[in-house]
Amino acid sequence: MKEIKDLKGKKVVTDFSALKAVGLANQAMIKAGGLSLDDVDGVTVAGLGQGIEGLTDGSLDATSIAVGIPLTQQAHASIPGGIRYLSITGDGANDENMNNLYAGTYLLPVEPSPRLPEVTEPVTVLGYDVFITTSADLPDDQATAILEALYNAWDKVREDYPPVRAGIKAQMAKASNTAPYHPAAIAFFKSKGMWTEANDKKEASLSR
């Protein structure tokens with residue numbers, strides 16, 4: 149199997165009882181790849197660990213997992229021949245459809261890398277961004293202080309916190325948000341030259 153469409157008739161994790169957002173993302177990938185949920189033998193598990201355990205012991209054909217995390221690489225080392233990420237391909241494999249299926253998600257190309265031994269050829273997976281979320285009533289000076297601290301310590305944060313090492317400081321204001329940016333955040337990102345027309349378009353769509 150190399151693509152999502154190859155999962156037809158296979159035993160696949162379609163939902164996570166303890167991680168509803170991940171379950172919805174999994175379902176969106178299946179649909180974007182050209183299948184319906186009825187096309188697979190859907191299984192619900194509690195969390196990522198249980199899904200990977202099922203993949204490792206052969207009781208599951210596929211589950212979802214984050215690229216490159218330790219749990220993934222452990223599975224790659226444990227399963228004969230390793231694991232393979234399935235590419236999202238076909239007519240529905242575009243950012244607009246991905247976002248319509250699950251707001252805030254998009255297609256993410258992943259290339260082979262020494263730090264990703266499980267990626268042996270280019271693959272297109274689902275991506276989404278993580279945002280600092282706060283009250284809309286947070287005072288402007290406090291919101292600005294948070295962003296200033298993150299911006300100024302970016303290199304140190306990346307060094308100390310592996311999940312954000314792939315992050316790019318210049319993309320702190322990505323327009324994949326599903327809630328409006330705080331007014332102080334907009335002002336901050338504009339002052340750093342990060343705010344784009346795509347941001348304006350997204351903010352307008354969220355304020356309707």
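Plus 148 on top of the position in the sequence shown (first one is 1) and you've got the numbering used here.
Cβ atoms here follow ideal geometry from the backbone N, Cα and C, with glycine treated the same way.
- Contact holds between the region 231-245 and the region 181-194, because three or more Cβ pairs, one in each stretch, are under 8 Å apart.
- Residue pairing from DSSP places Y254 in a beta bridge opposite G275.
- Spanning the alpha carbons of G157 and F164 requires a straight line of approximately 20 Å.
- Taking 9 Å as the cut-off, the Cβ atoms of D277 and N325 count as close.
- In the three-state DSSP reduction, S283 falls in the coil class, being neither helix nor strand.
- With a beta-carbon spacing of about 30 Å, P311 and S355 fall beyond the 8 Å limit used to define contacts.
- Distance between G229 and P265, taken at the CA atoms: about 12 Å.
- Under DSSP, F164 forms a beta bridge with V193.
- The C-alpha of G252 is placed about 18 Å away from the C-alpha of I316.
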